[in-house]
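> Have a look at this one.
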Amino acid sequence: SQTIHQWPATLVQPVGSPLSLECTVEGTSNPNLYWYRQAAGRGLQLLFYSVGIGQISSEVPQNLSASRPQDRQFILSSKKLLLSDSGFYLCAWSPPKGGTDTQYFGPGTRLTVL
Amino acid sequence: AQSVTQPDIHITVSEGASLELRCNYSYGATPYLFWYVQSPGQGLQLLLKYFSGDTLVQGIKGFEAEFKRSQSSFNLRKPSVHWSDAAEYFCAVGAGGYNKLIFGAGTRLAVHP
Numbered sequence: 636s637q638t639i640h641q642w643p644a645t646l647v648q649p650v651g652s653p654l655s656l657e658c659t660v661e662g663t664s665n666p667n668l669y670w671y672r673q674a675a676g677r678g679l680q681l682l683f684y685s686v687g688i689g690q691i692s693s694e695v696p697q698n699l700s701a702s703r704p705q706d707r708q709f710i711l712s713s714k715k716l717l718l719s720d721s722g723f724y725l726c727a728w729s730p731p732k733g734g735t736d737t738q739y740f741g742p743g744t745r746l747t748v749l
Numbered sequence: 202a203q204s205v206t207q208p209d210i211h212i213t214v215s216e217g218a219s220l221e222l223r224c225n226y227s228y229g230a231t232p233y234l235f236w237y238v239q240s241p242g243q244g245l246q247l248l249l250k251y252f253s254g255d256t257l258v259q260g261i262k263g264f265e266a267e268f269k270r271s272q273s274s275f276n277l278r279k280p281s282v283h284w285s286d287a288a289e290y291f292c293a294v295g296a297g298g299y300n301k302l303i304f305g306a307g308t309r310l311a312v313h314p
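Residue numbers (my numbering), protein chains in the order written: chain C, 636 to 749; chain A, 202 to 314.
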């Protein structure tokens, strides 16, 4: 069966510091991968998605970037964090095909920028 | 543009009472619709999904949802709520290629004993 991992689970970082959040998927090959952000009391905003190694699409302009160095690894980064980057970050995967299919979510990372 | 509206931000029900969470969508083509549940501090778990066929969809934990094209709705229902159902519920619509989903803002459900 497939599983998705995210780490760290929680993170407190000062403004201006760098960020690296990692997501890995097991039990599937060539998944579509997604990063979402959930701000307090709000819904989910799609930040990035990837359909293959090195292929990243950005949905909103922001202070963050994403990379996919391996088939089942998706990394969310920032060079300098802003207060507005605080939130709950969720990684998700879906089967490797076009069209719409179910997305499966990881446990999330709670990021607090102080 | 595609969008999802969940009109109720907070809902409180008594344990054992019935539940209906509303979801309205805007999408030009045949929609793919999902309901997810999120417990505090956790990721999202899929409750059910509608792709085609029978408009009444059964999901996990005793939930069901009905797709009504004429009303652009996909409301989630449960006949008898349990205290463990307290969580946040998200409706989502498939937004085109590569499985992109558009989420509603969520409905937070509280259950009174």
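Heads up, the beta-carbon is just placed ideally off N, CA and C, and yes, glycines get one too.
1. Give me the chain C residues within the contact set of A/Ala306, using Cβ-Cβ distance strictly less than 8 Å, ordered along the chain.
2. Of all the residues that make up the segment 240-256 of chain A, which are near chain C by a beta-carbon distance shorter than 8 Å?
3. Please compile the residues from chain A whose C-beta is within a distance smaller than 7 Å of the C-beta of C/Gly689.
4. What would DSSP say about A/Ser285, mapped onto helix, strand or coil?
5. Around the Cβ of C/Pro649, are there at least 16 other Cβ atoms within 10 angstroms (buried) or fewer (exposed)?
6. So that I know if they touch, is there some Cβ in chain A lying closer than 9 Å to that of C/Pro742?
7. Which of helix, strand or coil does DSSP assign to C/Leu749?
8. Could you give the DSSP three-state label for A/Ser273: helix, strand or coil?
9. DSSP state of A/Lys301, grouped into three classes?
10. Please report the distance separating the alpha-carbon of A/Glu216 from that of C/Phe683.
11. Please decide whether C/Gln697 counts as near chain A, where near means a Cβ-Cβ distance under 9 Å.
12. Within 10 angstroms of its Cβ, does C/Thr645 collect 16 or more other Cβ (buried), or is it exposed?
13. Figure out for me which residue from C/Leu681, C/Ser719 and C/Leu699 has the closest Cα to the Cα of C/Leu668.
14. Quick check: what's the CA-CA separation for C/Gly743 versus C/Pro731?
15. Using the beta-carbon of each residue, which ones in chain C are nearer than 9 Å to A/Phe291?
16. Please classify C/Leu679: does DSSP put it in a helix, a strand, or coil?
17. Could you tell me whether any Cβ in chain C is nearer than 9 Å to the Cβ of A/Phe235?
18. Using three-state DSSP, classify C/Leu718 as helix, strand or coil.
On the basis of the supplied data:
1. By Cβ distance, chain C contributes Arg677 and Gly678.
2. Residues are counted here when their Cβ sits less than 8 Å from a Cβ of chain C; for the segment 240-256 of chain A these are Gly242, Gln243, Gly244, Leu245, Gln246, Leu247, Lys250 and Phe252, given in chain order.
3. Those do not exist, as C/Gly689 stays about 15 Å from chain A at its closest Cβ, beyond 7 Å.
4. Helix at A/Ser285.
5. By the neighbour-count definition (other C-beta atoms within 10 Å, threshold 16), C/Pro649 is an exposed residue.
6. Closer than 9 Å to some Cβ of chain A, the Cβ of C/Pro742 qualifies, so yes.
7. Of the three classes helix, strand and coil, the one that applies to C/Leu749 here is coil, per DSSP.
8. Three-state DSSP puts A/Ser273 in coil, outside helix and strand.
9. In the three-state reduction of the DSSP assignment, A/Lys301 falls in the coil class.
10. Distance from the CA atom of A/Glu216 to the CA atom of C/Phe683, rounded to whole angstroms, is 39 Å.
11. Judged by the 9 Å Cβ criterion, C/Gln697 is not in contact with chain A.
12. By the neighbour-count rule (16 or more Cβ atoms within 10 Å), C/Thr645 is not buried but exposed.
13. Comparing Cα-Cα distances from C/Leu668 to each of C/Leu681, C/Ser719 and C/Leu699, the minimum goes to C/Leu681.
14. Approximately 22 Å between the Cα atoms of the pair.
15. Going along chain C in sequence order, the residues near A/Phe291 (Cβ under 9 Å) are Gly678 and Leu679.
16. C/Leu679 carries a strand assignment under DSSP once its states are collapsed to helix, strand and coil.
17. With respect to chain C, the C-beta atom of A/Phe235 has a partner C-beta closer than 9 Å.
18. In the three-state scheme derived from DSSP, where H, G and I count as helix and E and B as strand, C/Leu718 is classed as helix.
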